[in-house]
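Just below is one structure, and these are the notes that go with it.
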Amino acid sequence: MKKLLVVSSAPAALVDGLPYLDKKFCTGMQFYCDAWNGPVSCALPLRDAPFPFGKTYEYGELPFSIQLISKQAPLGPGDLRDFDLVLCCGDNHEYFYLAEICKSLSVKIIYSIECTLETRMQIAMLDQSKNFLRKIYSILWILNSERQRRRAFKIADGLQANGYPAHKAYKPFNCNTHFYLDSRIDAAILASEEDMAARRAYLSSMGPIRLLHSGRLEPIKGAQDLIPVAQALARNNLDFELNIFGTGSLEAVIRRDIERAGLSNRVHFHGAVDFETELVPFARSNADVFLSCHRQSDPSCTYIESMGCGLAIAGYSNRMWAALNHDSNAGWSAPLGNIDALAGALLKAAANREDLIARCDNAWAFARSRAFEREFSQRIRHLTRVLDEAAPNSTQLAQPGTFAKEKV
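Okay, here's the thing in C-alpha cells:
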C-alpha cells in the first residue's frame with residue numbers, strides 16, 4: 001500500500017494537548033481516506049489559538065494521522081522519506097522547498113494550485129489596509145515568490161490546477177498537469193429534474209426574474225456593485241428580486257444602501273446560512289440567475305455550485321468566468337466593473353425567457369458533468385497514475401473545454 005501525505009495550508013491548533021482542526025478540511029480528508037488505497041497523513045501549519053469553524057478531536061478519532069508544522073519546526077527529509085507521494089499546496093510559498101527534498105529522496109510530489117500571479121497582484125492592489133508604497137513592496141515580494149513557485153513546479157512530478165486560469169498559467173511549467181473544477185456540489189444536492197421543470201414553468205409564466213448572490217461581502221469580491229446593479233435594473237423598470245446571502249465588511253453599507261435606494265421590497269438580505277441545508281435548497285427553488293460581481297480570476301467554487309442548482313450566471317468577464325462561460329454557455333459576461341453592462345445582460349435575460357431557460361439548462365448539465373464525485377475521482381486517478389508512471393504522460397490528463405465538444 002502506498003502512503004500519501006497531504007501538505008495543506010488549512011490551519012491547526014492545540015487545545016489542551018488535542019488537535020483543533022478546521023471541520024471542512026477534515027471532511028475533505030475523509031474523502032482522501034476513502035479513495036486512497038493506503039495510509040493517509042496530513043501536515044498542517046500550527047496556529048497559536050483556535051479559529052472559527054474548528055473543532056477539537058481526540059487522537060485516534062480521525063482516519064488520518066496529523067503532523068503540526070511551524071517555522072521553528074518545518075518539514076524535513078526525516079518527515080518525508082517514508083511516504084510514496086506528497087500532495088502539496090502550491091499556493092503557499094512556504095512549501096516550495098519541499099520539491100527539492102522530495103526529489104533527493106525519490107519521493108514523488110504533486111502541487112495543487114488555484115491562484116495565478118495576476119490574481120495575487122490584484123489582491124495586493126485591492127488591499128485597503130496598505131498604502132501605495134506597501135502595495136509596491138507586496139508586488140515585488142509576490143514576483144520573487146512566483147519565481148520560486150515556478151521553479152518548484154518544474155521539479156515536481158505533477159500539478160493539479162483548479163480552474164481555467166491556473167491551468168493555462170502553470171501547465172507550461174509541468175507537462176503532467178491535471179485540470180479540475182473544485183466545488184461542494186455533489187449528486188445528492190444537485191438540482192433535480194423536478195426543480196428544473198418548476199423553474200422552466202416559472203420563467204415561461206414571465207414572473208419577476210429571481211436573482212441570487214452569495215459569498216463574502218468584501219470589496220475584493222466586488223460586493224460594492226450589488227446594489228448599484230439593482231438600482232440600474234429598477235431604473236429600467238425590470239420586475240425582479242435579489243436575495244443576498246453572506247457577511248463581510250460591506251454588510252452594513254449594503255443594508256444601508258438598500259434602504260436609501262428604496263429597494264427593500266426587491267432586495268432581501270439573509271446573512272450567512274448553512275450551504276447544504278439552507279442556501280442550496282433556496283437556490284434550487286427560488287432563484288433563476290446568480291449575480292456575480294467578482295473581478296478576480298480565481299476559481300471561485302460559487303460558479304459551479306450555483307450552476308449545479310440550475311442557475312444561469314451573469315457576471316463580470318474575469319478570466320475564470322469568461323472561460324467557464326465559453327465552455328458551458330451558462331450565462332452572460334460583462335466588462336470588468338461595468339455596472340451598466342452587467343445590468344444590461346440581466347435585462348436581456350429577462351426579456352428573452354427562452355434563452356434564459358436554455359442557459360439555466362446548460363448550467364445544470366455542465367455542473368452535473370463536473371460534480372464533486374467526478375472531479376475528485378479524477379484527481380485520485382491522476383495521483384495514482386503519477387505513482388505508476390516512470391515519466392509524465394500529458395496525453396492522458398484532463399483538459400478544459402472537453403464539455404463543449406460533448407454538449408447534451
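Residues in the sequence shown are numbered from 1 upward in steps of one, following the UniProt record's numbering.
Ideal Cβ positions, reconstructed from N, Cα and C, are used throughout, including at glycine.
Because the structure is a prediction, the values reported are computed rather than measured.
**Request:** May I have the straight-line CA-CA distance separating L5 from G38, to the nearest angstrom?
**Result:** L5 and G38 have their C-alpha atoms some 11 Å from each other.
**Request:** Helix, strand or coil for E218, going by three-state DSSP, please let me know.
**Result:** Residue state for E218 is assigned as coil, using DSSP reduced to three classes.
**Asked** When we look at the beta-carbon of W141 and count the other beta-carbons within 10 Å, is it buried (16 or more) or exposed?
**Response** With fewer than 16 other Cβ atoms within 10 Å, it is exposed.
**Item:** For R199, three-class secondary structure by DSSP
**Value:** Three-state DSSP puts R199 in a helix.
**Item:** Under the three-state DSSP convention, the category H326 falls into
**Value:** Under the three-state reduction of DSSP output, H326 falls in the helix class.
**Request:** Specify the secondary structure class of W36 as computed by DSSP and reduced to three states.
**Result:** If DSSP states are grouped into helix, strand and coil, W36 belongs with coil.
**Start and end residues, alpha helix (DSSP H) containing T119** = Going by DSSP, T119 is part of the alpha helix (DSSP H) stretching over 117-125.
**Item:** Bounding residues of the beta strand (DSSP E) (the contiguous stretch that carries S112)
**Value:** For S112, the enclosing beta strand (DSSP E) starts and ends at 108-113.
**Item:** Distance, D84 Cα to S145 Cα
**Value:** Rounded to whole angstroms, the gap between the alpha carbons of S145 and D84 is 27 Å.
**Message:** Between D355, A351, C293, E354, which has its C-alpha nearest N338's C-alpha?
**Reply:** It is C293.
**Beta carbon proximity, D361 to chain D, threshold 8 Å** = This model lacks chain D altogether; it includes just one protein chain.
**CB of N243 within 8 Å of CB of A198, strictly** = In this structure, A198 does not lie closer than 8 Å to N243 by Cβ.
**Whole-number beta carbon distance between A312 and L356, since they are thought to touch under 8 Å** = With 8 Å as the limit, L356 and A312 qualify as a contact, their Cβ atoms being about 6 Å apart.
**Request:** Compute the distance between the beta-carbons of N162 and P299, then report whether it is under 8 Å.
**Result:** Inclusion of N162 and P299 in the CB contact set at 8 Å is warranted, their separation being smaller than that value.
**Alpha-carbon spacing of R147 relative to C42, whole angstroms** = Those two C-alpha atoms are separated by around 26 Å.
**Residues of its chain near Q128, where Cβ-Cβ distance is below 6 Å and the 5 sequence neighbours each way are ignored** = Cβ neighbours of Q128 beyond the five flanking positions: none.
**Asked** When we look at the beta-carbon of L159 and count the other beta-carbons within 10 Å, is it buried (16 or more) or exposed?
**Response** Buried, by the Cβ-count rule.
**Request:** Would you decide whether Q296 is buried or exposed? Buried here means 16 or more other CB atoms lie within 10 Å of its CB.
**Result:** Buried, because 16 or more other Cβ atoms sit within 10 Å of the Cβ of Q296.
**Asked** Hey, would you say L181 sits closer than 8 Å to R370, going by beta carbons?
**Response** Yes.
**Message:** Are the CB atoms of L211 and E241 within a distance shorter than 8 Å?
**Reply:** In this structure, E241 sits near L211, with a CB-CB distance shorter than 8 Å.
**Request:** For L62, collect the residues of the same chain with a Cβ closer than 7 Å to its Cβ; drop the 5 residues on either side in sequence, then sort them by chain order.
**Result:** Only C26 meet the Cβ criterion.
**Item:** Three or more C-beta pairs below 8 Å linking the stretch 71-79 and the stretch 98-107
**Value:** Here the stretch 71-79 makes contact with the stretch 98-107; the two share three or more CB pairs at distances below 8 Å.
**Item:** From H270, A363, A334, P281, residue whose alpha carbon lies closest to that of Y303
**Value:** It is A363.
**Message:** Suppose you measure from the CA of T56 to the CA of S306; what does that come to, to the nearest Å?
**Reply:** Put simply, the backbone Cα of T56 is about 32 Å away from that of S306.
**Item:** Alpha-carbon spacing of R260 relative to L346, whole angstroms
**Value:** Approximately 22 Å between the Cα atoms of the pair.
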